[in-house]
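K.L.:
For reference, the structure I am asking about is given below.
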Amino acid sequence: MRRWITASACLVWTTAAAAQVPGGPTGLEAVDYPWDNGTRIQLTWSLSPDDDTLLGYAVRRRLADDPQQTLIDILPPGTSAYTVPDLDPELAYLFAVTAIAQDNTESAPASTLAPVTPSVQAFDGTRLWFMVTLVLFSGAVVVFIRMARTGRDLKVRKIAGLEAVTEAVGRATEMGRSCLYVPGIQDMNDIQTIASMNVLSHVARTAAEYDAKLEVPTSKSLVMTAARETVETAFLSAGRPDAYNPDLIYYVTDEQFGFVAYAQGMMVREKPAACFYLGSFFAESLILAEMGNSIGAIQVAGTAQPAQLPFFVAACDYTLIGEEFFAASAYLSGEPDQMGSLKGQDVGKLIVAVGILAGVGGMTLAAVTGSDLIQSMVDYFTQRMLT
Amino acid sequence: MTARAYTPGLKVSARTRHRVRRILPIAGDVLVQAGDAVQARQAVAHAFMPGDVTPINMANLLSMPPTDVPDCMLKKEGDRIDVGDVLARTPGIFGLFRSEHTSTVSGTLESISAVTGQVIVRGEPLGVEVRAYLAGRVAEIVPNEGCVIEADAAFVQGIFGIGGEAFGPIRRAAADHADPLTEDRITPDMEGAVIVGGARMTEAAIERARAVGASAIVSGGIDDADIRAFLGYDLGVAITGSENVGLTLIITEGFGDIAMAQRTFDLLASLEGREAAVNGATQIRAGVMRPEIVVPLPDDAAGETAGTSDAGFLETGAPVRIIRDPHFGRIGAVGALPAELHVLESGSKARVLEVRLDSGESVIIPRANVELIEQ
Amino acid sequence: MSRIDPDRVQVILATDCGSTTTKAILIQKIDGVFRQTHRGEAPTTVEEPFADVTMGVLNAVTETQELAGRRLIDADGRIIQPASGDEGCDIYISTSSAGGGLQMMVAGVIRQMTAESAKRAALGAGAIVMDVIAANDKRRPHEQIQRIRELRPDMILVSGGVDGGTTTHVVRLAELIAPAKPRPRFGSEYTLPIIYAGNADAAPLVADVITDGFDLTVVDNLRPVLERENLGPARDAIHDLFLEHVMAHAPGYDKLIQWTDAPIMPTPGAVGNILETIARERGINVVGVDIGGATTDVFSVFDGVFNRTVSANLGMSYSISNVCAEAGMDNILRWVHIPMDARELRNRVKNKMIRPTTIPQSLEALVFEQAVAREALRLAYLQHKEFATTLKGVQRQRTVGDTFSQESSGETIVDNMALNLLVASGGVLSHAPSMRQTAMLLIDAFEPEGFTTLAKDSIFMMPHLGVLAEVHPQASVEVFERDCLIHLGAVAAAAGSGKPGQACFRYQVRGDTLEASGEMRVGDMKLYPLGLGETARVAIQPERGFDFGAGPGRAVERDVEGGTVGLILDARGRPLQVEGGVEGWVRALELYPEGSVA
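Chains as they are written, first to last, in our numbering: chain U, 1 to 387; chain A, 388 to 762; chain G, 763 to 1360.
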């Protein structure tokens, strides 16, 4: 009974409301949506005076030469703008927006008077900042490559691990022992192995100059071939082609621990005085590095496997950390393209670092001071520049 | 004892008994006899220097252990080797797959090492020859090394030179001792001559002289910038003589725009047309060596002869040249020689002397900054 | 040589035969301490026409004996030994650098390792190192042979390989030297001494290769393991062979060797010896410099490690033109506070080169010469820093904490902050008209940091004392402290950099004769008089970013000793920014007579 009363009261209230047609939206304007591919039109209107009681707004469109209206969408109350999607840039459209009351009565429509045709823009202006970033990042690379190609000397920070190559090979020479170079356990399709070949070339060159014995066991046959090429070229450019011995660069096994077992055995027997581990390493990193340390070798390691870095750092004399490894490779290859990208990427990283600092700083400042100006600057930065 | 002080000086002598030692760098044969008359360009001694050494790393070349190298050698130590000779051959397997090394150098096989696997080939001996330099008479023979040549000659020491020994007749290219030696003074007929200029020689003049093929230029001074442009590098230390620049340069006074001493100029001018031997080699270190111009004179000509000492004593009235700024290059006579130390403008205390300049004025100069002009 | 009882020694006679002058000094025990009492000089008589070094020695000693009123030479022209009453001396010693000193060539396997150790041994023994041959010196073997043939060294030191290390490389070095048959400077009957101080295993193999025409001496390896140097045996062998071979061929030395109570040492070796002794006895770090006409020697002892370098072509007369070429005229003229014409100067430099004995007469010439000296010293010190390094080729132990601070080895051990005593000798430093100029030359060229005592060698007595240290260390140290050094004073200099005019440090000086306090701004210099033997306590509170040894911004308090110049406060920062400041510094220290500052 009571429920009924409530229900009927409700009905009375709605009926009372239905008795009134809601006030319609006014001032509908349709303009072409900027920076798009010609499929959208931007609508704006003023809210209905009864906005707080409405069910929503209905947006309709029709072609300029066709009276048939199609409903596009119903929007929640409080909405005063809408982007009409999926239009044809060839056609002209007219739009109408009506307010819908709770009882589905519709107000008089607010209509556009002149037909609007969505137009195609070649350029998406909202992604302007994206473009700026892109130009800065890739432009830096291009500029530095060009600079490197014109023979400009690009300064690269001294990498202790690279300086140590001469020292390590020198030690091996003085002690009459060999140098061991392990180019990781991955194949040539791994970028780290490729970088490793560049470093190998440097090590081989030094070994050729010092007349030291350089041994390169590999765990992939393709790596062996590449390493032989690299070392032979290095010996040739050092002016000592006679000292190159391909038998010292050999394939052991693809098996990870089989390879490690061999390398360890060889280290125990021959006690190389300089060990280089550059490339992609997994569980064997610490096994090799600890063994090298126990036989008193100078060890230089480098890998981009983050999980293996702490082991190398702890057990080796010098470690090329992640990016440093690629930087070293680029630096050693001396190729303008590699050097240029290296420097260009540095510029990119610098921009990112500055961005992070500026963003974090701005956010903190805005939170602390409560300043709207700073907040709006931060908003612009995070929502416009970075999206 | 009157006031005297020891000071170095450069020799300028119209006639002196000049002796030169012509010695081989290593032992060799002397080609002349004591008492022989020799010409400047004539060879007086020659020798063979051991040839250049070429090490060949045979162990690496033939891919074998160094200890096997002596067994594989086809040539023994001391053997003669020509280009194309097979030096070593590996035994191979059952006589197959042998590898060998053919020589790319000629010479003698000097050593074979079983430790390093290295074979050393000594190249052909290099002939070295010493020329007489001074036209005169052989006074003395140094067995297996060379000889001493003696002649009466006019002798002028320069202060600094570039280039080695050169020969040619003296040609005067300046009217006066203070006349700069400029490009237009050099004429094509000066080919092979020793050109004598007055004051500073310019770079253009040097280039022109080189172009016409002159043997040497002697002048008062040269600008540092000119010498740098001519040599292509900045001189660090005054040890010269081995430059290969096409002609020999000698300056008699110093760097800058400075005139040749009147006496030197007059002497050289009076010798115009005579054959001279010049040497630009300079070494200003312990065992100093100065560049020189030697003009042998005929035996019969009468004249004074002087000793060969290159130092003397300062005495009142002695002619001196001031060799440091201020007054650099001025010539005068020694006035007073005060014994006590004198405070210079720089604040240092030093022993000084008074120099009466030719212009009549009198200046106080540290004794270290004058040089005696020898009579 | 007789045994010497150090307690009974009363009179010591020492001579140094330089290439131009022979200097004699007499040291006597007065009231229980050794003092240098008299000295004499005479021209050296090695070359023709005298060709007997002892003549010059006797002349110098005769002058000393006249001044001392003590008979030192008997009727036969011999030095009277031992002393009795007022006659003779108990010890006679001598050094020599006549005839161009000891010229050596060294060889090692790796340039940065055993070859460098060999060079250090040779330099430490007082030699001039003409060239270093190494397996990795980028020269082809025939070029190396050619070089050995051209150089004509007096002696060759061969090292290479740790004990048990490489033999092939070492034997290959020997195989380069043997056929090169370098011709020594002393004529054909001279057998060239070769010292082998490398891998012990290779010694017999080296002996097989180096046979005819050489005199091979084998000593302990100078680098038995890469982690440690053992230069002593090689150095001693160099000294012995210097006497046996080099000296024995120089005229008159055979006699001189018999007279002396300790082996004759090469002069620079003796200088190094005394500095090493002083650093050890007093537990300090010392840098010494001797700037000559042709070369500049720098000696340093840091934490007991001795290093010597010879900058062969940095000098003030023969090599002055080379200093200008190496440093560049602009770098020299930045020290000059009066306008000068560069083209004119270039000619003057060349004129000094060809007439090396002249002295500056005008103030302008002096200012310029001292500017050149600053650059020569600066470059020589730079070379020294590059050479005086920790050992290379050493295995390093690391922890994960070192991830981002992986230092490479071979860093210089020269640390200007740790430097306690800077000793100057050589014409341009010891004969400067004013000691202030000497002090300023040292500060400008060496850029000492924190507190440093400046001194100069009064009459170049260090060589004598260096040899004396071998036979009577006590006498040598006593004379060194009392008579050899003239204390110029102390300098307190801030390390760090800032904008000119910015606050640098505040100071307070308290002493018997000097009370002062104030503030220094970046670029300022100040001089307080603090006489010989006077001391003062200096308290310094540096601003942030400036360091006096306790760390940036940390206060320091130290006792300083005065000297003929006094206490110099230097707020110019390190590294030194020269441009624009020179005039102010000249005025602050009154370096040159009035009127020279515009």
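Glycine included, every Cβ here is placed at the ideal spot set by N, Cα and C.
(1) Report the partner residues of Tyr82 of chain U according to the DSSP bridge assignment.
(2) Between which two residues does the beta strand (DSSP E) carrying Ser1279 of chain G extend?
(3) Using a Cβ-Cβ cut-off of 9 angstroms, state whether Leu448 of chain A counts as contacting chain U.
(4) Which two residues bound the contiguous alpha helix (DSSP H) that contains Leu54 of chain U?
(5) Need the endpoints of the beta strand (DSSP E) that Ile443 of chain A sits in, please.
(6) For the beta strand (DSSP E) holding Pro706 of chain A, just list the boundary residues, first then last.
(7) Measure the beta-carbon distance from Thr703 of chain A to Leu724 of chain A and round it to whole angstroms, keeping in mind my assumption that it falls under 8 angstroms.
(8) Ala234 of chain U CB to nearest chain A CB: under 9 angstroms?
(9) For Glu29 of chain U, I'd like the list of residues in its chain whose CB is within less than 6 angstroms of its CB, leaving aside the five on either flank, ordered along the chain.
(10) Please identify, using Cβ separations under 7 angstroms, the residues of the stretch 636 to 669 of chain A that lie next to chain U, in order along the chain.
(11) Which residues bound the beta strand (DSSP E) around Gly1273 of chain G?
(12) Starting from the N-terminal side, write out each stretch of the alpha helix (DSSP H) that is 4 residues or longer and does not extend beyond the stretch 958 to 992 of chain G.
(13) Compare the beta carbon distance of Ala646 of chain A and Arg1108 of chain G with 9 angstroms and say whether it is the shorter of the two.
(14) Can you tell me where the alpha helix (DSSP H) holding Pro1225 of chain G begins and where it ends?
(15) Starting from Arg1158 of chain G, find everything on chain U with Cβ-Cβ shorter than 7 angstroms and list it in chain order.
(16) List the endpoints of the continuous alpha helix (DSSP H) containing Leu386 of chain U.
(17) Return no unless some Cβ of chain A is closer than 9 angstroms to the Cβ of Ala238 of chain U.
(18) Based on the DSSP output, what are the partners of Glu1043 of chain G in its beta bridges?
(19) Select from G:Glu989, G:Gly975, G:Ala964, G:Thr973 the residue whose C-alpha is nearest the C-alpha of Val981 of chain G.
(20) Considering only their Cβ atoms, is the gap separating Ala1278 of chain G from Val1271 of chain G smaller than 9 angstroms?
(21) Counting only Cβ pairs nearer than 8 angstroms, list the residues of chain A close to Ser1083 of chain G.
(22) Classify Glu1405 of chain G as buried or exposed, calling it buried when 16 or more other Cβ atoms lie within 10 Å of its own Cβ.
(23) Within the 9 angstroms Cβ cut-off, does Asn531 of chain A reach chain U?
(24) Could you tell me how far apart the beta carbons of Ile972 of chain G and Ala936 of chain G are, in whole angstroms, since I believe they sit closer than 8 angstroms?
(25) For the beta strand (DSSP E) containing Leu94 of chain U, name the first residue and the last one.
(26) Examine chain A for any beta-carbon lying closer than 9 angstroms to the beta-carbon of His904 of chain G, and answer yes or no.
(27) I believe His1226 of chain G touches Ala776 of chain G by the beta-carbon criterion, under 8 angstroms. Please report the beta-carbon distance rounded to the nearest angstrom.
(28) Between which two residues does the alpha helix (DSSP H) carrying Tyr210 of chain U extend?
(29) Going by CA-CA distance only, name the one from U:Val143, U:Tyr210, U:Thr303 that's closest to Ala283 of chain U.
(30) Evaluate Glu679 of chain A with the Cβ neighbour count: other Cβ atoms within 10 Å of its Cβ, from every protein chain shown; 16 or more gives buried, anything less gives exposed.
(31) Kindly list, in the order they appear in chain A, the residues whose Cβ is closer than 8 angstroms to that of Asp242 of chain U.
(32) Please report the straight-line C-alpha distance between Asn531 of chain A and Arg409 of chain A, rounded to a whole angstrom.
(33) Enumerate in chain order the residues of its own chain whose CB-to-CB distance from Ser921 of chain G is below 6 angstroms, with the five nearest sequence positions on each side excluded.
(34) What three-state label does DSSP hand Gly1342 of chain G in the structure shown?
(35) Using 8 angstroms as the Cβ pair cut-off and three pairs as the minimum, do the stretch 208 to 228 of chain U and the stretch 905 to 917 of chain G touch?
(36) Going by the beta-carbon positions, is the gap between Gly555 of chain A and Ser606 of chain A smaller than 9 angstroms?
P.N.:
This is what the structure holds:
(1) If you number the first sequence from 1, residue 82 of chain U lands on position 82. Tyr82 of chain U pairs with U:Leu43.
(2) Sequence index remark: in the third sequence, residue 1279 of chain G carries index 517 (1-based). Looking at the DSSP string, the run of the beta strand (DSSP E) that includes Ser1279 of chain G is 1277 to 1283.
(3) One-based indexing of the second sequence puts residue 448 of chain A at position 61. Leu448 of chain A counts as touching chain U.
(4) Your numbering for residue 54 of chain U matches position 54 in the first sequence. No residue range can be given for Leu54 of chain U, since it is assigned to no alpha helix (DSSP H) and is classified by DSSP as neither H nor E.
(5) Here the question's residue 443 of chain A lines up with position 56 in the second sequence. Where Ile443 of chain A is concerned, the enclosing beta strand (DSSP E) stretches over 440 to 444.
(6) Here residue 706 of chain A is taken as the residue at index 319 of the second sequence, counted from 1. Note, Pro706 of chain A: beta strand (DSSP E), 706 to 709.
(7) If you number the second sequence from 1, residue 703 of chain A lands on position 316. If you number the second sequence from 1, residue 724 of chain A lands on position 337. Yes, they are in contact, since the Cβ atoms of Thr703 of chain A and Leu724 of chain A sit about 7 angstroms apart, within 8 angstroms.
(8) Position 234 of the first sequence holds residue 234 of chain U. False, the Cβ-Cβ gap to chain A never drops below 9 angstroms.
(9) Translated into positions along the first sequence, residue 29 of chain U becomes position 29. Its chain contains Thr44 as the residues whose beta carbon lies nearer than 6 angstroms to that of Glu29 of chain U, once the 5 sequence neighbours on both sides are disregarded; these appear in chain order.
(10) none
(11) Residue mapping note: residue 1273 of chain G aligns to position 511 of the third sequence, counting from 1. For Gly1273 of chain G, the enclosing beta strand (DSSP E) stretches over residues 1265 to 1273.
(12) 965 to 971
(13) Within the second sequence, residue 646 of chain A is the residue found at index 259, counting from 1. Within the third sequence, residue 1108 of chain G is the residue found at index 346, counting from 1. It is not a contact, given that the beta carbons lie outside the stated cut-off.
(14) For the purposes of this step, residue 1225 of chain G is taken as residue 463 along the third sequence, with counting starting at 1. Element bounds for Pro1225 of chain G: 1224 to 1233.
(15) If you number the third sequence from 1, residue 1158 of chain G lands on position 396. Asp317, listed in chain order.
(16) Counting from one through the first sequence, the residue named residue 386 of chain U turns up at place 386. No alpha helix (DSSP H) holds Leu386 of chain U; DSSP gives it neither H nor E.
(17) To locate residue 238 of chain U, count along the first sequence from 1; it is residue 238. False, the Cβ-Cβ gap to chain A never drops below 9 angstroms.
(18) Residue 1043 of chain G sits at position 281 when you count from the first residue of the third sequence. Glu1043 of chain G pairs with nothing; no bridge assigned.
(19) Along the third sequence, read from residue 1 onward, the residue named residue 981 of chain G stands at position 219. The option with the nearest alpha carbon to Val981 of chain G is G:Ala964.
(20) Looking up residue 1271 of chain G in the third sequence gives position 509. Looking up residue 1278 of chain G in the third sequence gives position 516. Against a cut-off of 9 angstroms, the Cβ pair of Ala1278 of chain G and Val1271 of chain G comes out as a contact.
(21) Taking the first residue of the third sequence as 1, we reach residue 1083 of chain G at position 321. Per Cβ cutoff of 8 angstroms: Asp621, Leu622, Gly623, Val624, Ala625.
(22) Any question about residue 1405 of chain G goes unanswered here, given that chain G covers just 763 to 1360.
(23) By 1-based counting over the second sequence, the position of residue 531 of chain A is 144. With 9 angstroms as the cut-off, Asn531 of chain A does not count as an interface residue toward chain U.
(24) Stepping through the third sequence from its first residue, residue 972 of chain G is reached at position 210. Stepping through the third sequence from its first residue, residue 936 of chain G is reached at position 174. The pair is a contact, with the Cβ atoms about 5 angstroms apart (cut-off 8 angstroms).
(25) Against the first sequence, residue 94 of chain U aligns to sequence position 94. That run of the beta strand (DSSP E) goes 93 to 100.
(26) Counted from its first residue, the third sequence places residue 904 of chain G at position 142. For His904 of chain G, a Cβ of chain A is located within less than 9 angstroms of the residue's own Cβ.
(27) The residue given as residue 1226 of chain G occupies position 464 in the third sequence. The residue given as residue 776 of chain G occupies position 14 in the third sequence. So it is a contact: roughly 4 angstroms between Cβ atoms.
(28) Along the first sequence, read from residue 1 onward, the residue named residue 210 of chain U stands at position 210. For Tyr210 of chain U, the enclosing alpha helix (DSSP H) covers residues 191 to 210.
(29) Translated into positions along the first sequence, residue 283 of chain U becomes position 283. Nearest of U:Val143, U:Tyr210, U:Thr303 to Ala283 of chain U, Cα basis: U:Thr303.
(30) Position 292 of the second sequence, counting from 1, holds the residue named residue 679 of chain A. Buried, by the Cβ-count rule.
(31) One-based indexing of the first sequence puts residue 242 of chain U at position 242. By Cβ distance, chain A contributes Asn444, Asn447, Leu448.
(32) Working through the second sequence from its first residue, we reach residue 531 of chain A at position 144. Working through the second sequence from its first residue, we reach residue 409 of chain A at position 22. One C-alpha to the other measures close to 12 angstroms.
(33) As a first step, residue 921 of chain G must be located in the third sequence, where it is residue number 159. The answer, listed in chain order, is Gly870, Thr876, Ala880, Ala959, Gly960, Leu984.
(34) Working through the third sequence from its first residue, we reach residue 1342 of chain G at position 580. Coil.
(35) Taking a contact to require three or more Cβ pairs closer than 8 angstroms, the stretch 208 to 228 of chain U and the stretch 905 to 917 of chain G do not qualify as touching.
(36) As a first step, residue 555 of chain A is located in the second sequence; it is residue number 168 there, counting from the start. As a first step, residue 606 of chain A is located in the second sequence; it is residue number 219 there, counting from the start. Contact flag unset, no.
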